[in-house]
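Numbering (this note's numbering), first residue to last: 219 to 375.
Written out below as structure tokens is the structure these notes cover.
Here it is as structure tokens:
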């Protein structure tokens with residue numbers, strides 16, 4: 219699954235060689251999504267007082283951010299076992315770390331949906347703070363996927 223975007227082809231543009239810039243483009247897109255997610259949440263925290271938006275709901279975004287770093291700390295070569303044979307757990311430890319990171323990421327996304335519906339939609343409150351929590355976690359989730367699987371590790375051919 220690590221290279222599922224390798225065979226994906228956009229219509230070719232003669233003016234730019236995207237093959238050599240794939241890592242840069244994926245990093246920029248992931249960074250913009252990550253920034254946008256936190257920007258939405260900070261804006262909602264400033265706009266809505268604590269009576270309308272419980273500030274304990276920020277924990278979903280914090281756990282998404284921790285999961286972002288956990289997932290991207292493990293290279294695809296370490297998961298496959300190509301480059302990582304040393305250490306106390308080896309390939310199994312890398313896979314376990316990645317699994318825990320993905321579980322934290324999915325858990326944060328599901329918790330943000332729960333907060334949206336349980337805290338704002340069902341009680342008939344203003345839904346904008348709940349949407350901010352959801353979109354923050356969704357943007358961090360997609361930035362994690364793009365940063366993890368949109369880049370290549372083969373830099374020199």
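Backbone N, C-alpha and C fix where the C-beta goes; we use that ideal spot for every residue, glycine too.
| Item | Value |
| --- | --- |
| Segments of 4+ residues assigned as alpha helix (DSSP H) that fall wholly inside the segment 268-329 | 277-290, 294-298 |
| Terminal residues of the alpha helix (DSSP H) in which residue 261 lies | 240-265 |
| Assigned exposure category for residue 343 - 16 Cβ within 10 Å defines buried | exposed |
| Between the CA atoms of residue 287 and residue 239 - distance to the nearest angstrom | 23 Å |
| Endpoints, alpha helix (DSSP H) assigned at residue 362 | 346-367 |
| Reduced DSSP secondary structure (H/G/I, E/B, other) of residue 340 | coil |
| Contact check, residue 320 vs residue 358, beta carbons under 8 Å | no |
| Beta-carbon spacing of residue 322, residue 285 below 8 Å | yes |
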